[in-house]
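Trainee: Which chain is which? The protein sequence lines are A and B, in order. Residue -8 is where the first sequence starts when you use this note's numbering, and the numbers rise one by one after that. Residue 110 is where the second sequence starts when you use this note's numbering, and the numbers rise one by one after that. Quick one: the structure is below, and I'll ask about it shortly.
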Amino acid sequence: MSGLLLAAQATQVHLTSQTRIVAALIAVFFMLLILELIRRNRLQERYSVIWLLAGVGMLAFAAFPGLLEVIADVMGVRDTNVALFSVVLLLLLGLALNFSVIMSRQAAQITRLAQERALEKAREQAAEERSNGGSKSAASERA
Amino acid sequence: MRTLVFIPAWNEEASLAAVVADVREHIAGAEILVVDDGSTDATTARARECGVLVATLPFNQGLGAALQTGYLYALREGYDCCAHLDADGQHPAVEVARLLNEVEADRADLVIGSRYRDPDAVAASDDYKPTFSRRIGTGVFRFFLTLATRQRFTDTTSGMRAANRRVMSLFSENYSPDFAEIESLQLAVREGLRVEEVPVRMLERAGGSSFLTPLRSAFFIFKGVVVLLVGQFRPRRHAEAER
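Following this line, the structure appears as structure tokens:
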């Protein structure tokens, strides 16, 4: 309770040096992981750009806490940590939406691919029946 | 006049042969294509035994994708008109032939077979008894679709339709995989196509059971309303210009 009051009275709550070091380390580790995934062909370059940008952003916030304080000011929050969480949350929301868009596009592509294959088979079958002299009418009579 | 009748089928080995025979008997001169939507049973084999064309999708993708496959085939192979009906035996081919007549006479671009169009027939008929949740869904969709299109629709989810090449070209590019029946009507009307309902008689399904549980129905209805709402704001393609 007293902690909350203190927080309310303080003009601004800043990131501690420890937070900044941890954040910077995580950012560096994260970017290395992305690069490694690309190197092992587990992640395509075109989908990695957005993640590398996220890593660079994380590093920038750790190195220049002033950035985050500006954001906190704009958002009207006193605690820089809240600004940090909000930024990360928004970023994740954007990424998730981005993936839904990509997923929708790929679902449509997969459907069309499956349809093309099915149509190709049907076309082959039709051509075969025509060349066998057995036209479709002969096929109907047979059945 | 070349006509294609296509039958989307997902695990319908039991009823398919009878449906194909029915179509052959009542729609003379039409070629038949069965679109097997990734069935795990012998649907494709049954269809081949019947001697009809088969387009087999490698995995199940839903009714919308299966119907679109049929429209694509009809469009690319140059058919003048096409029709589709369900593979479960609910749709008598005689009725489909009546829908095709409307399209062939160029009285409409897209014709829907409606169970509910003729109230006297609905009351008198013992053939088709919709469940409670289906009745609610039908009412909701009917209301919103009529509102959206300013045209009266009674059977929005009917899978018995006939269409000409204008519709083929529209549906082969724009067909919602999730909400095929309703959205396609909205789309066709928005694009300025002539859509018409014809009262038809439908039967109880011969095999299989309805996939709709009450909870699923509620979700289905909710999704449908969202789809219709979004559909109102989609950009038009202006099919009129292509006429």
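In this text, a Cβ means the ideal position worked out from N, Cα and C, and glycines have one as well.
#1: Using a cut-off of 8 Å between C-beta atoms, extract the partners of residue 110/A located in chain B.
#2: With DSSP as the reference, label residue 215/B as helix, strand or coil.
#3: Between residue 276/B and residue 40/A, what straight-line distance do the alpha-carbon atoms span, to the nearest angstrom?
#4: Residue 329/B lies in the beta strand (DSSP E); which residues open and close that run?
#5: Considering just the uninterrupted stretch of the beta strand (DSSP E) at residue 306/B, what are its terminal residues?
#6: Please classify residue 149/B as buried or exposed, where buried requires at least 16 neighbouring CB atoms within 10 angstroms.
#7: Can you tell me whether residue 323/B is buried or exposed? The criterion is at least 16 other CB atoms within 10 Å of its CB, across all chains shown.
#8: Beta-carbon of residue 286/B versus every beta-carbon of chain A: anything under 8 Å?
#9: Output yes or no for whether 8 Å exceeds the beta carbon distance between residue 191/B and residue 272/B.
#10: Go to residue 270/B, then tell me how far its alpha helix (DSSP H) extends in each direction, as first and last residue.
#11: Do residue 11/A and residue 53/A come within 8 Å of each other at the CB atom, strictly closer than that value?
#12: Quick one: complete alpha helix (DSSP H) runs, 4+ long, within the segment 146 to 226 of chain B?
#13: Starting from the C-beta of residue 63/A, find all residues in its chain whose C-beta is less than 6 Å away, skip the five residues before and the five after it, and write them out in chain order.
#14: For a contact meaning CB atoms closer than 7 Å, what does residue 102/A contact in chain B?
#15: Say whether chain D places a C-beta atom closer than 8 Å to the C-beta of residue 142/B.
#16: Helix, strand or coil, according to DSSP, for residue 132/B in the structure here?
#17: If you follow the beta strand (DSSP E) that residue 139/B is in, where does it begin and where does it stop?
#18: With a 10 Å radius around its C-beta and 16 neighbouring C-beta atoms as the bar for buried, classify residue 198/B as buried or exposed.
#19: Which of the residues in the segment 197 to 213 of chain B, read from start to end, lie with their CB under 7 Å from any CB of chain A?
#20: Can you give me the C-alpha to C-alpha distance between residue 8/A and residue 22/A, rounded to a whole angstrom?
#21: Does the beta-carbon of residue 120/B have 16 or more other beta-carbons within 10 angstroms, so that it is buried, or is it exposed?
#22: Find the residues of chain B that neighbour residue 118/A, judging by a C-beta separation of less than 8 Å, and give them in chain order.
#23: Does the count of Cβ pairs from the segment 127 to 141 of chain B and the segment 203 to 212 of chain B closer than 8 Å reach three?
#24: Anyone know if the C-beta pair for residue 125/B and residue 165/B falls short of 8 Å?
#25: Do you know how far the Cα of residue 262/B is from the Cα of residue 242/B?
Mentor: Taking the coordinates as given:
#1: Within chain B, the residues near residue 110/A are 164, 178, 181, 182, 185.
#2: DSSP places residue 215/B in coil when its eight states are reduced to three.
#3: In a straight line, the C-alpha of residue 276/B is about 41 Å away from that of residue 40/A.
#4: From DSSP, residue 329/B is part of no beta strand (DSSP E) but of the alpha helix (DSSP H) over 323 to 340.
#5: 304 to 308 is the extent of the beta strand (DSSP E) around residue 306/B.
#6: Flag for residue 149/B reads exposed.
#7: Exposed.
#8: True, the Cβ-Cβ gap to chain A drops below 8 Å.
#9: It is a contact, given that the beta carbons lie within the stated cut-off.
#10: Run containing residue 270/B: none in the alpha helix (DSSP H); it sits in the beta strand (DSSP E), 270 to 273.
#11: Result yes, Cβ atoms of residue 53/A and residue 11/A sit closer than 8 Å.
#12: If we require 4 residues or more, the alpha helix (DSSP H) runs fully inside the segment 146 to 226 of chain B come out as 152 to 158, 172 to 185, 202 to 213.
#13: Result list for residue 63/A: 71, 74, in chain order.
#14: Chain order gives the chain B residues near residue 102/A as 170, 174, 286, where near means a beta carbon separation below 7 Å.
#15: Among the protein chains of the structure shown, namely A and B, there is no chain D.
#16: When secondary structure is reduced to three states using DSSP, residue 132/B falls in the helix class.
#17: Per DSSP, residue 139/B belongs to no beta strand (DSSP E) and is neither H nor E.
#18: The residue is buried, with at least 16 neighbouring Cβ atoms inside 10 Å.
#19: Taking a C-beta cut-off of 7 Å against chain A, none of the residues of the segment 197 to 213 of chain B qualify.
#20: Near 21 Å, if we compare the C-alpha coordinates of residue 22/A and residue 8/A.
#21: So residue 120/B ends up on the buried side.
#22: What residue 118/A touches in chain B: nothing, since even the nearest Cβ is about 11 Å away.
#23: The segment 127 to 141 of chain B vs the segment 203 to 212 of chain B: in contact.
#24: No. Outside cutoff.
#25: Approximately 19 Å between the Cα atoms of the pair.
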